[in-house]
Amino acid sequence: MKLFEKHPKLRLIFAAEYLAIFIVCILSLSVGTGIIAVLALFCAYISVVKAGFIRDRNADAVSDFNFDFFCLMATVMLISGVLFR
260 MKLFEKHPKL RLIFAAEYLA IFIVCILSLS VGTGIIAVLA LFCAYISVVK
310 AGFIRDRNAD AVSDFNFDFF CLMATVMLIS GVLFR
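Have a look at this one:
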């Protein structure tokens, strides 16, 4: 995760990923996916904060390692969901 600490702008890739998850979830229109869609928007916001474009003390308090690990796992889940659907 040192790459994201050296180049925080790369976290914008995660923001784009979470916006894609939001769009996929909002198209299915169910309660469970609605909750996931709201969480995806929140994660996209944290990605923008971690990239340094917005200043937010509470969102910046999230551990960088935990957030990057969660984002990489979400990327794997999104790719596997697209490939094996």
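Here the sequence shown is numbered in my numbering, starting from 260 and rising by one per residue.
Just so you know, even glycine gets a beta-carbon here, dropped at the ideal spot from N, CA and C.
Since this is a predicted model, take the numbers as computed values, not measurements.
| Asked | Found |
| --- | --- |
| Taking just the CA atoms, how far does S289 sit from F273? | 24 Å |
| Rounded to whole angstroms, what's the CA-CA distance from L271 to S339? Just pull it up for me. | 21 Å |
| Nearest CA to the CA of E276: which residue from G311, T292, C302? | C302 |
| Which runs of the alpha helix (DSSP H) fall wholly inside the segment 271-325 and span at least 4 residues, in chain order? | 271-287, 290-310, 316-319 |
| Taking all protein chains shown into account, do 16 or more other C-beta atoms lie within 10 angstroms of the C-beta of I313, making it buried, or fewer, making it exposed? | exposed |
| Please report how far the alpha carbon of D319 lies from the alpha carbon of A310, in whole angstroms. | 10 Å |
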